[in-house]
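These notes are about the structure you will find just below.
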Amino acid sequence: MEPTSSAPDTPPTEGFELIALGDRAFLARFAGERQAARWAAAVIARGWPGVIDVVPAYRDVAVFVDPERIPLEDLQRLLNALTPAPEVSSPGRRLVIPVLYDGPDLEPTADRLGITPAEVVAYHAGPVYDVFAIGFSPGFPYAGWLRPPLEGLPRRESPRTRVPAGSVAVAGRQTGVYPGPSPGGWHLLGRTPLCLVDMDDGYFPIRAGDQIQFRPITPEEFEARLHERL
Amino acid sequence: MSLIVIDPGQCATVQDAGRPGYLRFGVPRGGAFDAFSADLANALVGNPAGRAVVELTLRGGEFEAECPLALAIAGAPMPAMVVEAGTIVRSLDPPTSFTLAAGRRLRLGRASCGLRTYLAVRQGWQTPRVLDSRSRETFLRPGDRLPGEPGVVPIHRPREVSLTEPSDRRLRVLPGPDAGLGSYLLESLANGVFRVGLHSNRVGVRLAGSPIVVAGDPSRLSSPVAPGAIQLAGEQLIVLGVACGTMGGYPHVAQVVTADLDRLGQLAPGDDVSFELVDLDQARALDRERSRQARAILARIRSATRPGG
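Protein chains in written order, with my numbering: chain A, -6 to 223; chain B, 16 to 324.
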């Protein structure tokens, strides 16, 4: 049996499947990440009463509902009728994240790939990445996709118990930034001096659907911009 | 003025209704795991639902009042007593409201059935708020102070407060988004008996039982999850708890119905649990009915405990 979680190779033009996610939520499943992000942005923009949380993650979007504020059947009808906006531009913003590439895994990664650390930096800082989801920990962006030869590194065999805040990391085809100190199994290439989340203030600058790009900086710029907000 | 933590028991945290609205930023919902019991404790001191309470787990511990405090306990039955200078002044029979005089201590033992008990104060514990909530996953430690307004409340023990039989360890479930990975999955779930593992917590309830094998899809992308999601991690089941992360990578085979989520919060390590498959209309009807009952019970208790009432 074909796993239901893997999407078909040829996406339908704009269709999606809306299924129940338990008795107080719906899950919309798309063929592509960008369609999912655009649809999620459209649901959030509608501001329907009773919609508590809208969570995009890759090709899925979950919509969590308070059934005492809107009949679930009514919302289901509204969601089914909502098609993703046509792709005139990216649904989000493009954010540049400065990075001091001095991570403990930079050299081992270069050795493993048979390239120089400077080449690892060039491959990582080159592309513009899509943010597919925010999760794992508050404000952590899952972004991708990495390009060869950088893609395909398996996670560390034993995750670090503590990864410093601001660490910029890669694993598989993905890259991300640890906004706060946490355990972590990804490969650490560098650090951003910027503050990417402030829970006390409700500050979450990166959203699913945004695009991010990494820019190499010097130790001096790192020191000068430490704790500045993104 | 405060309640001083002398001994936080097995583990204790401050919880309220959690942080709805922040899942898309990766912030877990959190909040009291057995929300009805938390709000029962709140109602006993006249609070509206969702005020901050202390969530006690398995063994309650000991707490000392700096000033007279209007308190209530509800949830898993833990032996409870008021102690002064090492002498038992009064036994309490939860769920109940009571006044803890300055210098006296509340001592709570081990739950005889269930897992979580809630300690409320009139107006709620005034611990710091982050993102509109006082819910915090950090365990209370000896010496911590829980700020609360001074107050007194008569002993009030409501009757007819139970929404579910505490010894009933049956969870009703809906098929999850990945139930289609194997036609036998839901059958294995409904026919099996599972035991709650020792390493269960607010993030996830681990279940031991007959292994369930499903063909893994290494390219599976993470998908949004919510408390009550039943995931197949390796060959074992994990039921995600109220403090679970916002996304999950394991196959999501079933989902506990909302009406049974409080019961999930009362499953203790070593308990046997079974599952019963229901359909979406049944699950939604159970949810509506339970919300209606809970509201009616809480409103009745609040009106009975109003000062002078």
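The beta-carbon is built from N, C-alpha and C at its ideal position, and this holds for glycine as well.
Requested in this report: Please confirm if A/Ser151 has its CB atom under 9 Å from at least one CB of chain B.
Outcome: Taking the first residue of the first sequence as position 1, residue 151 of chain A is located at position 158. For A/Ser151, the answer is no, since every Cβ of chain B falls outside 9 Å of its Cβ.
Requested in this report: Taking all protein chains shown into account, decide if A/Pro5 is buried (16 or more other Cβ within 10 angstroms of its Cβ) or exposed.
Outcome: Numbered from 1 along the first sequence, position 12 holds the residue referred to as residue 5 of chain A. A caution first: A/Pro5 carries a pLDDT of 43, below 50, which makes its placement in the model unreliable, though a value can still be read off. Classification for A/Pro5: exposed.
Query raised in the report: Near A/Met192, which residues of its chain fall below 7 Å by C-beta distance, leaving aside the five closest residues on each side in sequence?
Result: By 1-based counting over the first sequence, the position of residue 192 of chain A is 199. Excluding residues within five positions, the ones whose Cβ falls inside 7 Å are Pro131.
Report task. For B/Phe40, go through chain A and note every residue whose CB falls closer than 7 Å to its CB, in chain order. Result -> Within the second sequence, the letter at position 25 stands for residue 40 of chain B. Under the 7 Å cutoff, chain A gives Ile127, Pro131, Gly132 and Phe197.
Query raised in the report: Are the region 135 to 155 of chain B and the region 209 to 223 of chain A in contact at 8 Å, needing three or more beta carbon pairs?
Result: no
Query raised in the report: What is the residue span of the alpha helix (DSSP H) that A/Pro91 lies within?
Result: Start at 1 with the first residue of the first sequence, and residue 91 of chain A comes out as number 98. Element bounds for A/Pro91: not the alpha helix (DSSP H) but the beta strand (DSSP E), Arg87 to Val92.
Report task. Using the Cα positions of A/Ala55 and A/Val163, report the straight-line distance between them to the nearest angstrom. Result -> For the purposes of this step, residue 55 of chain A is taken as the residue at position 62 of the first sequence. For the purposes of this step, residue 163 of chain A is taken as the residue at position 170 of the first sequence. Looking at the two C-alpha atoms, the distance is approximately 26 Å.
Query - Inter-stretch contact (C-beta, 8 Å, three-pair minimum) for the region 113 to 128 of chain B and the region 72 to 79 of chain B - result: yes
Query raised in the report: Which full runs of the alpha helix (DSSP H) of 4+ residues lie inside the region 25 to 112 of chain A, going along the chain?
Result: 26 to 39, 65 to 74 and 99 to 106
**Report entry** C-beta neighbour in chain B for A/Pro5, strict 9 Å
**Finding:** Within the first sequence, residue 5 of chain A is the residue found at index 12, counting from 1. Low confidence applies to A/Pro5: its pLDDT is 43, below 50, so where it sits in the model is not reliable, and the reading given next is rough at best. No, no contact with chain B.
Query raised in the report: Can you find at least 3 beta carbon pairs, one from the region 262 to 269 of chain B and one from the region 153 to 162 of chain B, that sit closer than 8 Å?
Result: no
Requested in this report: On a CA-only basis, which of A/Pro141, A/Asp53 and A/Thr154 is nearest A/Ser175? Give me that one, please.
Outcome: As a working mapping, residue 175 of chain A is identified with position 182 in the first sequence. Closest by alpha carbon: A/Thr154.
Query - Alpha carbon of A/Arg22 to alpha carbon of B/Ser237, nearest angstrom - result: As a working note, residue 22 of chain A is residue 29 in the first sequence. As a working note, residue 237 of chain B is residue 222 in the second sequence. Their Cα atoms are separated by approximately 12 Å.
Query raised in the report: Do A/Leu93 and A/Leu143 have their CB atoms nearer than 9 Å?
Result: On the first sequence, position 100 is the one that residue 93 of chain A refers to. On the first sequence, position 150 is the one that residue 143 of chain A refers to. Contact flag unset, no.
Query raised in the report: When the Cα of A/Val225 is compared with those of A/Gln28, A/Cys188 and A/Ile90, which residue comes out closest?
Result: With chain A covering only -6 through 223, there is no way to say anything about residue 225 of chain A.
Requested in this report: Report yes or no: is there a C-beta of chain B within less than 9 Å of the C-beta of A/Pro230?
Outcome: Within the shown structure, residues of chain A are numbered from -6 to 223, placing residue 230 of chain A beyond reach of any answer.
Report task. Spatial neighbours of A/Ser(-2) within its chain, please: CB distance less than 7 Å, with the 5 preceding and 5 following residues excluded, ordered by chain position. Result -> Here residue -2 of chain A refers to the residue found at position 5 when the first sequence is read from its first residue. With a pLDDT of 37 at A/Ser(-2), under the threshold of 50, the modelled position of that residue is not reliable, and no figure is offered here.
Query raised in the report: Does the beta carbon of B/Thr28 come closer than 9 Å to any beta carbon on chain A?
Result: Taking the second sequence and counting its residues from 1, the one referred to as residue 28 of chain B is at position 13. B/Thr28 does not count as touching chain A.
Query raised in the report: Just reading off the beta strand (DSSP E) that B/Phe78 is part of, what are its end residues?
Result: Within the second sequence, the letter at position 63 stands for residue 78 of chain B. From DSSP, the beta strand (DSSP E) with B/Phe78 extends over Arg74 to Ala80.
Query raised in the report: Helix, strand or coil: which one does DSSP assign to B/Ser215?
Result: Position 200 of the second sequence, counting from 1, holds the residue named residue 215 of chain B. Coil at B/Ser215, not helix or strand.
Query - One or two residues paired with A/Val163 in a DSSP bridge - result: Position 170 of the first sequence, counted from the first residue, corresponds to residue 163 of chain A. For A/Val163, which the question treats as bridged, DSSP gives the partners A/Thr168 and A/His180.
**Report entry** From B/Gly166, B/Cys26 and B/Ala244, residue whose alpha carbon lies closest to that of B/Arg187
**Finding:** Locating residue 187 of chain B in the second sequence gives position 172, counting from the first residue. Cα-wise, what sits closest to B/Arg187 is B/Ala244.
Query raised in the report: In the region 160 to 194 of chain B, which residues sit with their C-beta less than 7 Å from some C-beta in chain A, listed in chain order?
Result: Leu189, Pro192 and Asp193
Query raised in the report: According to DSSP, what are the bridge partners of B/Glu99?
Result: On the second sequence, residue 99 of chain B is found 84 positions in, with the first residue counted as 1. B/Thr102, per the DSSP bridge assignment.
**Report entry** Helix, strand or coil at A/Thr6 [DSSP, three-state]
**Finding:** Taking the first sequence and counting its residues from 1, the one referred to as residue 6 of chain A is at position 13. Summary for A/Thr6: the model assigns pLDDT 47, below 50, so the residue's position carries little reliability; its value from the coordinates is reported in the next sentence. Reduced to three states, the DSSP call for A/Thr6 is coil.
Query raised in the report: Helix, strand or coil: how does DSSP classify B/Ala91 here?
Result: Locating residue 91 of chain B in the second sequence gives position 76, where the first residue counts as 1. Reduced to three states, the DSSP call for B/Ala91 is coil.
Query raised in the report: What's the call for B/Arg118, buried or exposed, on a 16-neighbour Cβ count within 10 Å?
Result: Taking the first residue of the second sequence as position 1, residue 118 of chain B is located at position 103. Note that residue 118 of chain B corresponds to Gly in the displayed sequence, not to Arg. Per the 10 Å Cβ criterion, exposed.
Query raised in the report: So what does B/Gln270 bridge to, in DSSP terms?
Result: The sequence position of residue 270 of chain B within the second sequence is 255, counting from 1. DSSP, once it has assigned bridges, lists B/Leu189 and B/Ala244 as partnering B/Gln270.
Requested in this report: Compare the C-beta of B/Ala244 against all C-beta atoms of chain A and say whether one is closer than 9 Å.
Outcome: For the purposes of this step, residue 244 of chain B is taken as the residue at position 229 of the second sequence. Yes, B/Ala244 counts as interfacial toward chain A.
Query raised in the report: Helix or strand or just coil, what does DSSP make of B/Glu164?
Result: As a position in the second sequence, residue 164 of chain B is number 149, starting the count at 1. Reduced to three states, the DSSP call for B/Glu164 is coil.
Query raised in the report: Hey, out of A/Pro110, A/Leu181, A/Pro172 and A/Gly128, whose CA is closest to A/Pro152's CA?
Result: For the purposes of this step, residue 152 of chain A is taken as the residue at position 159 of the first sequence. For A/Pro152, the nearest C-alpha among the options comes from A/Leu181.
Query raised in the report: Can we say the region 298 to 316 of chain B touches the region 49 to 63 of chain B, given the rule of at least three CB pairs closer than 8 Å?
Result: yes
Query raised in the report: Considering only residues of the same chain and omitting the five flanking positions on each side of B/Val167, which have a CB-CB separation below 8 Å?
Result: For the purposes of this step, residue 167 of chain B is taken as the residue at position 152 of the second sequence. Excluding sequence neighbours, B/Val167 sits near Pro83, Ala85 and Thr114.
Query raised in the report: Alpha carbon to alpha carbon, how far is B/Leu146 from A/Leu88?
Result: Along the second sequence, read from residue 1 onward, the residue named residue 146 of chain B stands at position 131. Along the first sequence, read from residue 1 onward, the residue named residue 88 of chain A stands at position 95. Spanning the two alpha carbons is a distance of roughly 24 Å.
Requested in this report: Would you please state the rounded distance, in angstroms, between the beta carbons of A/Ile205 and A/Ala136? I believe it to be under 8 Å.
Outcome: On the first sequence, residue 205 of chain A is found 212 positions in, with the first residue counted as 1. On the first sequence, residue 136 of chain A is found 143 positions in, with the first residue counted as 1. With 8 Å as the limit, A/Ile205 and A/Ala136 qualify as a contact, their Cβ atoms being about 6 Å apart.
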